[in-house]
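Peer 1: Numbers 67 to 398, taken from the numbering used here, label the letters of the sequence shown in order. All residues carry an ideal CB built from backbone N, CA and C; glycine is no exception. Note that the structure is a prediction, hence the values are computed from the model and not measured. First, the structure itself, so that you have it in front of you.
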Amino acid sequence: MQNEQKRILFINFGGLGDEILFLPSIISVKKEFPNSKITLALEPRSKGICSLTNIIDETLFADIKGKNKYFELLKLLFKIWTKSFDIVVCSGSNKFIALFLFLTFIKKRYGYNSGKLSEIVLTKAIPLKKEQYAVNMYHDLVNEITQNKTELPQINITRREVVPNTVLIHPGVSLMSVKKGMIKTIPANIWAEVVEKLADSGKKVILAGGPDDKETIDTIIKNVPQEKYTNMYGKTKNLTELAELISSAEIFLCSDSAPLHIGVALGVQTYVIFGSTDNKKLIPQSEKVIPIKAKNCNCPLQPCLWERRQTTCESLDCLKISSDEIVEKICG
């Protein structure tokens with residue numbers, strides 16, 4: 067019954083981009099049970115998701131990337147036991163997840179099929195189909211719960227008026243991914259060339275970014291005359307302000323990072339640099355979202371993250387994309 071007041075726990079560990087991609091699943095269940103109370107368990111690094119949506123009533127945190135992973139999960143379990151959840155949905159594919167969900171003692175448990183144990187202890191063990199847009203992959207988890215289907219991420223912000231002829235550039239990726247050896251964007255000097263060439267083509271270029279993007283932004287500032295762009299780096303104080311800035315752009319150019327999914331959610335014309343990751347899994351098939359990839363990459367492993375490798379290779383042939391190719395893609 068739609069009018070039932072259910073307490074529903076969603077568990078999704080990952081970065082901010084993963085949380086945005088997971089939102090449609092939560093939205094669809096909320097549509098099915100509009101009087102439900104939604105709790106999201108996530109990593110502390112992704113808490114910014116709460117500033118982009120009003121659908122989450124409560125959050126529980128577990129720092130599973132730290133040294134005390136299992137202690138953090140045990141603490142999360144104790145927190146869950148103090149609640150009275152009716153349903154739990156978890157996006158983890160590890161075999162341990164089925165046991166964890168069983169130990170929550172929540173009556174209805176939904177997760178991916180990770181083997182015999184999951185088939186026994188879960189209410190429904192959902193086949194994990196990775197070869198699709200991540201939104202759809204996550205949504206498979208809730209298809210047994212709701213008849214609604216939310217196709218794309220949706221966020222709640224105050225949109226700004228679109229400024230004609232603008233290209234907003236958010237060049238960076240998370241520092242965590244760089245430290246782990248996962249290079250997912252073009253070099254800073256190529257970004258600088260892109261900024262200058264877009265400006266020379268008549269575009270109103272705006273730069274944006276956060277602390278993780280400092281090295282790239284500094285290279286752009288050093289190599290491109292200041293009058294050729296508007297520097298908004300560090301001037302968006304939170305994700306809400308960044309999302310509002312993205313909403314004002316006619317075109318958004320970015321790397322494979324969380325801001326990409328904000329652009330998708332806002333329906334802004336978005337161009338994305340892709341190298342080692344699979345664009346088919348990370349963006350919808352839409353004329354509004356255009357991948358930019360190396361033309362002559364013959365690497366047999368591409369895309370390699372995260373199915374074939376946990377780090378990128380040294381040659382990075384998949385990211386040998388010239389500034390001319392990028393500008394031509396945007397300007398035609």
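1. Whole angstroms is fine: what's the gap from LYS215's alpha carbon to GLU138's?
2. How is the alpha helix (DSSP H) around CYS384 delimited, first residue to last?
3. Assuming ILE192 and TYR178 make a contact with CB atoms under 8 Å, what is their CB distance in whole Å?
4. Does DSSP classify ARG375 as helix, strand or coil?
5. Tell me whether the beta-carbon of LEU234 lies closer than 8 Å to the beta-carbon of ALA315.
6. For ARG226, which of helix, strand or coil comes out of DSSP?
7. Could you compute how far the alpha carbon of LYS60 sits from the alpha carbon of LYS347?
8. Would you list, in sequence order, the uninterrupted beta strand (DSSP E) runs of no fewer than 3 residues that lie entirely inside the region 94 to 178?
9. Alpha carbon to alpha carbon, how far is LEU371 from ILE252? Give it in angstroms, no decimals.
10. What number of angstroms, rounded off, separates the C-alpha of ILE92 from the C-alpha of GLN213?
11. Can you tell me whether DSSP reads VAL288 as helix, strand or coil?
12. Residue range of the alpha helix (DSSP H) that ILE328 falls in?
13. Using 8 Å for Cβ pairs, my map puts VAL229 next to LYS270. What's the rounded Cβ distance?
14. Just to confirm, is the Cβ distance from ILE256 to TYR337 under 8 Å?
15. Apply the 10 Å Cβ neighbour rule to TYR136 and answer buried if 16 or more other Cβ atoms are within range, or exposed otherwise.
16. Buried or exposed for PHE399, please, with buried defined as at least 16 other CB atoms from any protein chain shown within 10 angstroms of its CB.
17. Could you check which residue in ASP152, SER150, PHE151, ASP129 has the C-alpha nearest to that of LYS141?
18. What's the gap between the Cα of ASP152 and the Cα of LYS173?
19. Under the rule that 16 or more other beta-carbon atoms within 10 Å means buried, what is LYS288, buried or exposed?
20. Run the CB neighbour count on THR224, radius 10 Å, all protein chains shown included, and call it buried at 16 or more, exposed below.
21. Whose C-alpha, out of TYR295, ALA164, GLN220, is nearest the C-alpha of ASP266?
22. Between TYR299 and ALA258, is the Cβ-Cβ spacing less than 8 Å?
23. Determine the direct distance from the alpha carbon of PHE166 to that of LEU194, and round the result to whole angstroms.
24. Can you tell me whether SER243 is helix, strand or coil according to DSSP?
25. Checking 8 Å against the spacing of the C-beta atoms, do SER157 and PHE88 come in under that value?
26. Can you tell me where the beta strand (DSSP E) with VAL271 in it begins and where it stops?
27. Within 10 angstroms of the Cβ of PHE144, are there 16 or more other Cβ atoms? Answer buried if so, exposed if not.
28. May I ask which residues mark the beginning and end of the beta strand (DSSP E) holding VAL338?
29. Thinking ALA324 and GLY132 are a contact (beta carbons under 8 Å), I'd like their distance in whole angstroms, please.
30. Here's a check: name, in chain order, each residue in its chain whose Cβ is nearer than 7 Å to the Cβ of ALA164, leaving out the five neighbours to either side.
31. By Cβ distance, which residues of its chain are closer than 6 Å to LEU367, with the 5 residues on each side in sequence left out?
Peer 2: Here's the rundown:
1. 33 Å
2. Run containing CYS384: none; DSSP gives neither H nor E here.
3. 5 Å
4. strand
5. yes
6. coil
7. As displayed, the chain neither begins before 67 nor continues past 398, which places residue 60 out of reach and without an answer.
8. 103 to 108, 124 to 127, 153 to 156, 174 to 178
9. 16 Å
10. 13 Å
11. Residue identity check: residue 288 is Lys in the sequence provided, not Val. Three-state DSSP puts LYS288 in a helix.
12. 324 to 332
13. 7 Å
14. no
15. exposed
16. The structure shown does not extend to residue 399, since the chain is modelled only from 67 through 398, so no value can be given for it.
17. ASP129
18. 6 Å
19. exposed
20. exposed
21. TYR295
22. no
23. 18 Å
24. helix
25. yes
26. 270 to 273
27. exposed
28. 335 to 339
29. The pair is not a contact, with the Cβ atoms about 20 Å apart (cut-off 8 Å).
30. GLY177, SER180, LEU183, SER184, VAL187, LEU188
31. ARG374
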